[in-house]
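Engineer:
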Amino acid sequence: MGKAKVYFTDMRTGTSVNLPQKLEKLIKKAGIGEIDFQNKFTAIKMHFGELGNLAYLRPNYARTVVETVKSLGGKPFLTDCNTLYVGSRKNALEHIEAAYINGFSPFSTGCHILIADGLKGTDDVEVPVKGGEYVKNAKIGRAIMDADILISLSHFKGHENAGFGGALKNLGMGCGSRAGKMEMHCDGKPHVNQEQCIGCGMCAKICAQDAITLEQKKASIDHDKCAGCGRCIGVCHQDAVVPPYDESNDIMNRKIAEYAKAVVDGRPCFHISLVVDVSPFCDCHAENDAPIVPDVGMFASFDPVALDKACVDAVNAQPVIADSLLGEAGAHRGDGDYFHAVSPDTNWRSCLEHAEKIGLGTMDYELVTVK
């Protein structure tokens, strides 16, 4: 495999051009027009931001991508899957409401939002992972797999488990249903917090394995029967059914790569990452700390592995913002690797190396600057 081309433009503007226009020029130069969008359903996978977090991408960037897809004849929609953790995006109703509050609406973005894994995070499709070592069948949100074309629009930032969150994280973890997210995060199976359980029996009714029983109005899960599908988590209105979050970071990263491979295989895909507001942790937090480096720019490529590598290289080449978590941690702790300095227990390379190994892309890239 030869070098992959990654296209880049900075955040500088003049009186004759603005940032949405620069983004449009970037993705066109990167070749988005080579895809046949005519009458094709196009999923634009992004993160709408947890309520309270202000580091997520502005809706204006999404609108630029939407309008470009429409101009090429496509039928775009914005999408994400429900969260595994308890927050403001754990079911489709709350997820869409959070997106609206954060500025993502049909009026601001020019298209509709579909939560890909349905109302309770249980509407998924099992997709074979070609070359998978940890995952044989990835559990992906149905609406994402129903789309003819997939575009990832990612906010590139730090992540406390993965090291950083970029295209692969957006594609892999982000496209996994609740059961898929549990498979990536966990080596075990969910359990019931007895103090929060009210004995409604909804979890037992939805369990296809008869693994859940009620005794004295409290549910319990037989792990010998449990298949780890996560459906009980989705139906529990008390948030009493919880996953163990016990997978190592390196194995989680490799599972993310395999899930990303399942998502992109067999159809046209295009990837965009914005390295702005580079917060130290994920947009899933209900808050965001100060950026660790100045805004870098916008990147686009057909290769998500090369894209992530180009973005992390660009971040590590920036000056450290002194009044930030990275400034406090000291960049030297990570030997010039800013994301490792912020989260020393992480190893982002494990995801990219595994993605390259299973044929998802290459870390060897050529950076093409778009003025």
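Just remember that my numbering sits 1283 ahead of the position in the sequence shown, which is counted from 1. Even for Gly, the Cβ is constructed at its ideal location relative to N, Cα and C.
I believe ASN1231 touches LYS1353 by the beta-carbon criterion, under 8 Å. Please report the beta-carbon distance rounded to the nearest angstrom.
Structural biologist: Outside the displayed range of the chain (1284 to 1654) lies residue 1231, so it cannot be described from this structure.
Engineer: Quick one: residues in its chain with C-beta nearer than 7 Å to the C-beta of GLU1570, no 5 flanking neighbours on either side, listed in chain order?
Structural biologist: GLY1335, ASN1336, listed in sequence order.
Engineer: Identify every residue that forms a DSSP beta bridge with LYS1358.
Structural biologist: Note: LYS1358 sits in a beta bridge opposite PHE1324.
Engineer: By the 10 Å Cβ neighbour count, where 16 or more other Cβ atoms means buried, how is SER1460 classified, buried or exposed?
Structural biologist: Under this definition SER1460 is a buried residue.
Engineer: Whole beta strand (DSSP E) runs in the stretch 1394–1482 with 3 or more residues, listed along the chain?
Structural biologist: Fully enclosed beta strand (DSSP E) runs of 3 or longer: 1396–1398, 1407–1411, 1420–1424, 1432–1438, 1440–1442, 1446–1448.
Engineer: Grab me the residues of MET1428's own chain with a C-beta within less than 6 Å of its C-beta, minus the 5 sequence neighbours each way, in chain order.
Structural biologist: VAL1408.
Engineer: Using a Cβ-Cβ cut-off of 7 Å (strictly less than) and excluding sequence neighbours within five positions of ALA1540, which residues of its own chain qualify?
Structural biologist: Excluding positions up to five away in sequence, the list reads LEU1451, GLY1455, CYS1634, HIS1637, ALA1638, ILE1641, LEU1643.
Engineer: Counting beta carbon pairs with one atom in the stretch 1554–1571 and one in the stretch 1520–1530, are three or more of them shorter than 8 Å?
Structural biologist: Counting Cβ pairs under 8 Å, fewer than three are found: no touch.
Engineer: Could you give the uninterrupted runs of the beta strand (DSSP E) lying entirely in the stretch 1576–1606, keeping only those of 3 residues or more?
Structural biologist: Within the stretch 1576–1606, the complete beta strand (DSSP E) runs of at least 3 residues are 1580–1584.
Engineer: Residue ranges of each beta strand (DSSP E) run of no fewer than 3 residues wholly in the stretch 1295–1355, ordered along the chain?
Structural biologist: With a minimum length of 3 residues, the continuous beta strand (DSSP E) runs that stay inside the stretch 1295–1355 are 1324–1328.
Engineer: What three-state label does DSSP hand VAL1653 in the structure shown?
Structural biologist: In the structure shown, VAL1653 sits in coil (DSSP, three-state: anything other than H, G, I, E or B).
Engineer: Leaving out five residues before and five after GLU1741 in sequence, what residues of the same chain have Cβ atoms less than 6 Å from its Cβ?
Structural biologist: As displayed, the chain neither begins before 1284 nor continues past 1654, which places residue 1741 out of reach and without an answer.
Engineer: Would DSSP call GLU1655 helix, strand or coil?
Structural biologist: Residue numbering for the chain in the displayed model covers 1284 to 1654; residue 1655 lies beyond these limits and cannot be assessed.
Engineer: Answer yes or no: do ILE1396 and ALA1382 have a C-beta to C-beta separation smaller than 7 Å?
Structural biologist: In contact: ILE1396 and ALA1382 (Cβ atoms closer than 7 Å).
Engineer: For LEU1433 and LYS1328, which I take to be in contact (beta-carbon distance under 8 Å), what is that distance rounded to the nearest angstrom?
Structural biologist: That belief holds up - the Cβ atoms of LEU1433 and LYS1328 are roughly 6 Å apart, short of 8 Å.
Engineer: Starting from LEU1609, follow its DSSP beta bridges and name the residues at the other end.
Structural biologist: Bridge partners of LEU1609: none, in fact.
Engineer: Can you name, in chain order, every residue of its own chain whose Cβ lies under 7 Å from the Cβ of LEU1650, other than the five neighbours on each side?
Structural biologist: Excluding positions up to five away in sequence, the list reads VAL1289, PHE1291, ALA1593.
Engineer: I'd like to know whether the C-beta atoms of VAL1653 and LYS1311 end up nearer to each other than 7 Å.
Structural biologist: Their beta carbons are not under 7 Å apart, which means VAL1653 does not touch LYS1311 by this criterion.
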